[in-house]
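Peer 1: The working numbering runs 13 ahead of the 1-based position in the sequence shown. I am attaching a structure below and will ask some questions about it afterwards.
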Amino acid sequence: MSDTHPTPSAVGAPSGGPVVARTRDELRTARASLTGGDVAVVMTMGALHEGHATLIETARRKAAHVVVTIFLNPLQFGPREDLSRYPRTFDSDMEICRKAGVDLVFAPTPDVIYQDGDPGVRVSAGPLGNVLEGQARPGHFDGMLTVVGKLMHLTGADSAYFGQKDAQQLLLIRRMVRDLDFPVDVVSVPTVREPDGLAMSSRNTYLTDSDREVALCLSRALRAGASAAAEGPSAIRRAARSVLVREPLALVDYLVLVHPSTLEDVPEWYRGEALLAVAGRVGTTRLIDNVPLLVGPGGRALEVFSDVDTATPAIPSATGRPDAD
Ligand code: AMP
Numbered sequence: 014m015s016d017t018h019p020t021p022s023a024v025g026a027p028s029g030g031p032v033v034a035r036t037r038d039e040l041r042t043a044r045a046s047l048t049g050g051d052v053a054v055v056m057t058m059g060a061l062h063e064g065h066a067t068l069i070e071t072a073r074r075k076a077a078h079v080v081v082t083i084f085l086n087p088l089q090f091g092p093r094e095d096l097s098r099y100p101r102t103f104d105s106d107m108e109i110c111r112k113a114g115v116d117l118v119f120a121p122t123p124d125v126i127y128q129d130g131d132p133g134v135r136v137s138a139g140p141l142g143n144v145l146e147g148q149a150r151p152g153h154f155d156g157m158l159t160v161v162g163k164l165m166h167l168t169g170a171d172s173a174y175f176g177q178k179d180a181q182q183l184l185l186i187r188r189m190v191r192d193l194d195f196p197v198d199v200v201s202v203p204t205v206r207e208p209d210g211l212a213m214s215s216r217n218t219y220l221t222d223s224d225r226e227v228a229l230c231l232s233r234a235l236r237a238g239a240s241a242a243a244e245g246p247s248a249i250r251r252a253a254r255s256v257l258v259r260e261p262l263a264l265v266d267y268l269v270l271v272h273p274s275t276l277e278d279v280p281e282w283y284r285g286e287a288l289l290a291v292a293g294r295v296g297t298t299r300l301i302d303n304v305p306l307l308v309g310p311g312g313r314a315l316e317v318f319s320d321v322d323t324a325t326p327a328i329p330s331a332t333g334r335p336d337a338d
């Protein structure tokens, strides 16, 4: 794959913005200058938006230094997926990084990351990588974990920040770090949404105006499900489904209420934390969204779901603070 990043000003930040590293040598040099405190990494595929900015700002508040990686990882895209049309917005990405006080941006091309071409050895996501997103996107999570592992090693970060928006990804990264003893603290950051509830995503730029209206049914379904959280699993699923069936232009791939660490459907008697997750295609765009819930007495959404839509009941707010482990 070729990348369309403009030729960088290599290493150096005359305007006081982040240092840009393109090669392993440039990264090594720039990384060595981040002394006197811990280093956090925020890994992205570019086309940065407020969701990414929130990850960066959260990292900025907690760590002495922040490294952002911008890398469109060919390994995690299937042959019929959107790698070639994925938005590439390097200049505005850099502006966001500059405003958020990023120290170092690592923006390599695939040949820098995969020096010998396709890696023969990859991280296996195991069974949790074969369900939900993994079922729709075979090999996706192996490719994702492989690059996350490599970027953890290359950046030498003490902590890494990931969005709850990609809940299965976050779970698998936590598992990899634990199962393979990576010395990295994984921190999750709640999903950042547009004022109308749509989860922010680089892929939202593919949506036409009418697609965007249709896409709102995903977050509305989650809100409806969350509003039934006290009543138990079948009420939650029913409430969410009732929103989706009213929008035939959203081709729903799955709507599930699952245990947050096994991703198995929770039974009717289940009480406690669960994940209500949805995926579907709107126009040409595949979108995912989720909300962590407390199921049963006192049931509620465990995220700030801004009070956007009078058509469905508001969801009580949680603190919205990132949780670390
Ligand atoms: P991406 O560039 O889409 O691979 O995302 C990079 C990181 O940003 C991942 O940890 C995502 O989970 C996170 N992220 C993407 N969108 C959002 C969002 N709307 N809110 C919070 N985090 C997000």
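All C-beta atoms, glycine included, are put in the ideal place defined by N, C-alpha and C.
Taking the CB atoms as reference points, tell me whether Val197 and Ile186 lie closer together than 7 Å.
Peer 2: No, the pair does not count as a contact, with Cβ atoms beyond the cut-off.
Peer 1: Buried or exposed for Asp222, going by 16 or more other Cβ atoms inside 10 Å?
Peer 2: When all chains shown are included, Asp222 counts as exposed.
Peer 1: At a cut of 8 Å, does the segment 64-76 reach the segment 218-234 through at least three beta carbon pairs?
Peer 2: With a cut-off of 8 Å, the segment 218-234 and the segment 64-76 do not count as touching, because too few Cβ pairs lie within range.
Peer 1: Rounded to whole angstroms, what's the CA-CA distance from Ser274 to Gly296? Just pull it up for me.
Peer 2: Whole-angstrom Cα-Cα distance: 31 Å.
Peer 1: Measuring CA to CA, which of Ile301, Val52, Arg73 is closest to Arg215?
Peer 2: The sequence as given places Ser at residue 215; Arg does not occur at that position. Ranking Ile301, Val52, Arg73 by Cα distance to Ser215 puts Ile301 first.
Peer 1: Could you spell out where the beta strand (DSSP E) holding Pro208 opens and where it closes?
Peer 2: Run containing Pro208: none; DSSP gives neither H nor E here.
Peer 1: Which residue spans inside the segment 30-57 form an unbroken beta strand (DSSP E) run of at least 3?
Peer 2: Here the runs fully enclosed are 32-34, 52-57.
Peer 1: Are three or more beta carbon pairs between the segment 77-90 and the segment 45-55 nearer than 8 Å?
Peer 2: With a cut-off of 8 Å, the segment 45-55 and the segment 77-90 count as touching, because enough Cβ pairs lie within range.
Peer 1: Going by beta carbon distance, what residues of the same chain come within less than 7 Å of His272, once the five residues before and after it are set aside?
Peer 2: Taken in chain order, the residues that qualify are Val279, Ala287.
Peer 1: Between which two residues does the beta strand (DSSP E) carrying Asp179 extend?
Peer 2: Where Asp179 is concerned, there is no enclosing beta strand (DSSP E), given that its DSSP letter is neither H nor E.
Peer 1: Compute the distance between the beta-carbons of Leu264 and Val291, then report whether it is under 7 Å.
Peer 2: It is not a contact, given that the beta carbons lie outside the stated cut-off.
Peer 1: What residue ranges within the segment 104-148 form continuous beta strand (DSSP E) runs of no fewer than 3 residues, ordered along the chain?
Peer 2: Correct list: 117-119.
Peer 1: Residues bridged to Gly156 by DSSP?
Peer 2: DSSP, once it has assigned bridges, lists no residue as partnering Gly156.
Peer 1: Quick one: Cα of Arg334 to Cα of Val304, how far?
Peer 2: Unreliable placement is indicated for Arg334, whose pLDDT of 34 sits below 50; no coordinate value is reported for it.
Peer 1: Express the C-alpha separation of Gly29 and Phe42 in angstroms, rounding to a whole number.
Peer 2: Going by the sequence as given, residue 42 is Thr instead of Phe. If you take the alpha carbons of Thr42 and Gly29, they lie about 17 Å apart.
Peer 1: Out of Ala138, Asn143, Ser97, Glu39, which has the shortest C-alpha to C-alpha gap to Met58?
Peer 2: Per the Cα distances, Ser97.
Peer 1: Mind checking which residues open and close the alpha helix (DSSP H) that includes Gly311?
Peer 2: Unbroken run through Gly311: none, as it is neither H nor E.
Peer 1: With Ser215 as the anchor, note down where its alpha helix (DSSP H) starts and where it stops.
Peer 2: It is not in any alpha helix (DSSP H) - Ser215 carries neither H nor E in the DSSP assignment.
Peer 1: Starting from Val256, trace the alpha helix (DSSP H) both ways and give me its first and last residue.
Peer 2: Note, Val256: alpha helix (DSSP H), 246-257.
Peer 1: Just tell me which of Ser46, Ala314, Asp266, Val32 has its CA closest to the CA of Arg150.
Peer 2: Nearest option by C-alpha distance: Asp266.
Peer 1: Note the first and the last residue of the continuous beta strand (DSSP E) segment covering Gly285.
Peer 2: Looking at the DSSP string, the run of the beta strand (DSSP E) that includes Gly285 is 285-295.
Peer 1: Are the CB atoms of Glu277 and Ser247 within a distance shorter than 7 Å?
Peer 2: Cβ atoms of Ser247 and Glu277: not closer than 7 Å.
Peer 1: Report the three-state DSSP secondary structure of Asp338 (helix, strand or coil).
Peer 2: Because the pLDDT of Asp338 is 34, which lies under 50, any placement of that residue in the model is unreliable, and the number read from its coordinates should be weighed accordingly. Of the three classes helix, strand and coil, the one that applies to Asp338 here is coil, per DSSP.
Peer 1: Looking at the strands, I want to know which residues DSSP matches up with Thr82.
Peer 2: Paired residues: Met56, Phe119.
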